[in-house]
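Undergrad:
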Amino acid sequence: MLRQFAALALAAALSLPTAGHAASCGNSASGFDAWKREFAAEASRAGIGQRGLSALANTQYSQATINADRGQKSFKLSYDQFCQKRGCNVIVSQGKKRKAQNPGFYQSLERAYGVPSGVIIAIHGMETGFGRFMGDSNVLNATATLAYDCRRPAFFQPHLLGALVMIDRGMMSPGAIGAMHGELGHTQFLPGNALRYGQDGNGDGRIDFNDMSDALASTANYLRMKGWAPGQPYQPGTRNYNVLKEWNAASVYQQSLAVMGAQIDG
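Those letters in the sequence shown? Residues -22 to -1, 1 to 244, per mature numbering (1 follows the signal peptide of the UniProt record, and there is no 0), in order.
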């Protein structure tokens, strides 16, 4: 049975700290150590404790993350090219089987959050191939590197603070492994979103994004909190279609979720 932690999610959202002013960014590893010291002072003022600050001090600049961030090309493809590259037909085929094998679980998600199974399954398949590959990068190194990098520091610094909060609270290890941009688990939550929208889907009293039940419940909760209207369609031109953009801003990604979700649900 799903055990919802709405109060915990709300408390986390309200207590997520913000830094007082922006630390200096950089475009190479040379300024990273100085930036960490500057950001640590901001993080301390924002309420990050010693465990989180120690983890920040031990982070290393991730050139692989920067290379991946600069090399994203799949979202520039046409829809057909994107789906061929990402294996949309395979996701649909496997997604239908997964839904048929565990209908009670997916129905419980729909009852709890109002998001159709097909959409959640499509996201799971698109993000990690249903958990087959959830990343091989240190989450904190990746997040700190992107928070320092001059390309999008304002976007990633709240996620770095979220990661430090989770480390402080024992929700995440400094050695946690995820994707190249610091995403966690089965559906690749950035740390700030993991803190805000995480749900205990299996009822064991903790939130673990490497657990499928927790990750999919959190995904459904994220969409619902972003404005998903239960029982309403989610194809182009609808409110729910626009909510899909909150998951990923790329139009081809948004379209693929709508198409695959409808096909999985039949």
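Backbone N, C-alpha and C define an ideal beta-carbon position, used for all residues, glycine too. Please read all numbers here as calculations on a predicted model, not as lab measurements.
Enumerate in chain order the residues of its own chain whose CB-to-CB distance from G170 is below 6 Å, with the five nearest sequence positions on each side excluded.
TA: In the sequence shown, residue 170 corresponds to position 192, counting from 1. The answer, listed in chain order, is P136, H137, G140.
Undergrad: Is F167 helix, strand or coil when you go by DSSP?
TA: If you number the sequence shown from 1, residue 167 lands on position 189. Of the three classes helix, strand and coil, the one that applies to F167 here is strand, per DSSP.
Undergrad: Enumerate in chain order the residues of its own chain whose CB-to-CB distance from R217 is below 6 Å, with the five nearest sequence positions on each side excluded.
TA: On the sequence shown, position 239 is the one that residue 217 refers to. So the list reads A207, once near-sequence residues are dropped.
Undergrad: Cα separation between C3 and N119?
TA: Numbered from its first residue, the sequence shown carries residue 3 at position 25. Numbered from its first residue, the sequence shown carries residue 119 at position 141. When rounded, the distance between both Cα atoms is 15 Å.
Undergrad: Applying the criterion that 16 or more other CB atoms from any shown protein chain within 10 Å of the CB defines a buried residue, is P131 buried or exposed?
TA: Here residue 131 is taken as the residue at index 153 of the sequence shown, counted from 1. P131 should be labelled buried.
Undergrad: Output the boundary residues of the alpha helix (DSSP H) element that contains G82.
TA: In the sequence shown, counting from the first residue as 1, residue 82 sits at position 104. First-last of the alpha helix (DSSP H) with G82: 81 to 91.
Undergrad: Are the CB atoms of F167 and S196 within a distance shorter than 8 Å?
TA: Taking the first residue of the sequence shown as position 1, residue 196 is located at position 218. Taking the first residue of the sequence shown as position 1, residue 167 is located at position 189. Their beta carbons are under 8 Å apart, which means S196 touches F167 by this criterion.
Undergrad: Consult DSSP for L55 and reduce its assignment to one of helix, strand or coil.
TA: Stepping through the sequence shown from its first residue, residue 55 is reached at position 77. If DSSP states are grouped into helix, strand and coil, L55 belongs with coil.
Undergrad: Express the C-alpha separation of F108 and D189 in angstroms, rounding to a whole number.
TA: Here residue 189 corresponds to residue number 211 of the sequence shown, with the count starting at 1. Here residue 108 corresponds to residue number 130 of the sequence shown, with the count starting at 1. About 11 Å.
Undergrad: For R64 and chain E, any beta-carbon pair shorter than 8 Å?
TA: Here there is only one protein chain, and chain E is not present.
Undergrad: What is the DSSP secondary structure of A(-11), reduced to helix, strand or coil?
TA: The sequence position of residue -11 within the sequence shown is 12, counting from 1. Below a pLDDT of 50, predicted positions are generally treated as unreliable, and A(-11), at 43, falls in that range; no measurement from the model is reported.
Undergrad: Under three-state DSSP, which class holds I155?
TA: One-based indexing of the sequence shown puts residue 155 at position 177. Of the three classes helix, strand and coil, the one that applies to I155 here is strand, per DSSP.
Undergrad: Of the residues Y219, A125, G163, which one's Cα is nearest the Cα of W13?
TA: Position 35 of the sequence shown, counted from the first residue, corresponds to residue 13. The candidate whose alpha carbon is nearest that of W13 is A125.
Undergrad: Give the C-beta separation of L194 and I98 to the nearest angstrom, bearing in mind that I take them to be a contact with Cβ-Cβ under 8 Å.
TA: Taking the first residue of the sequence shown as position 1, residue 194 is located at position 216. Taking the first residue of the sequence shown as position 1, residue 98 is located at position 120. Yes, L194 and I98 are in contact; Cβ-Cβ is about 5 Å, under 8 Å.
Undergrad: Between the alpha carbons of E88 and R202, how many angstroms are there, rounded?
TA: By one-based count along the sequence shown, residue 88 stands at place 110. By one-based count along the sequence shown, residue 202 stands at place 224. Going from the Cα of E88 to the Cα of R202 covers about 11 Å.
Undergrad: Is DSSP giving S115 helix, strand or coil here?
TA: Here residue 115 is taken as the residue at index 137 of the sequence shown, counted from 1. In the structure shown, S115 sits in a strand (DSSP, three-state: E or B).
Undergrad: Does the Cβ of G73 have 16 or more other Cβ atoms within 10 Å, making it buried, or fewer, making it exposed?
TA: One-based indexing of the sequence shown puts residue 73 at position 95. Buried, since its Cβ has 16 or more Cβ neighbours within 10 Å.
Undergrad: Can you give the Cα-Cα distance for P211 and G183, rounded to whole angstroms?
TA: Residue numbering aside, residue 211 sits at position 233 when the sequence shown is read from its first letter. Residue numbering aside, residue 183 sits at position 205 when the sequence shown is read from its first letter. Using only the alpha carbons, I get a separation of about 33 Å.
Undergrad: Tell me which same chain residues have a C-beta within less than 7 Å of the C-beta of F134, skipping the five on either side of it?
TA: As a first step, residue 134 must be located in the sequence shown, where it is residue number 156. Around F134: T121, L124, A125.
Undergrad: So, for A18: in the same chain, excluding its five sequence neighbours on each side, which residues have a beta-carbon less than 7 Å away from its beta-carbon?
TA: Position 40 of the sequence shown holds residue 18. Excluding positions up to five away in sequence, the list reads L31, L34, A35.
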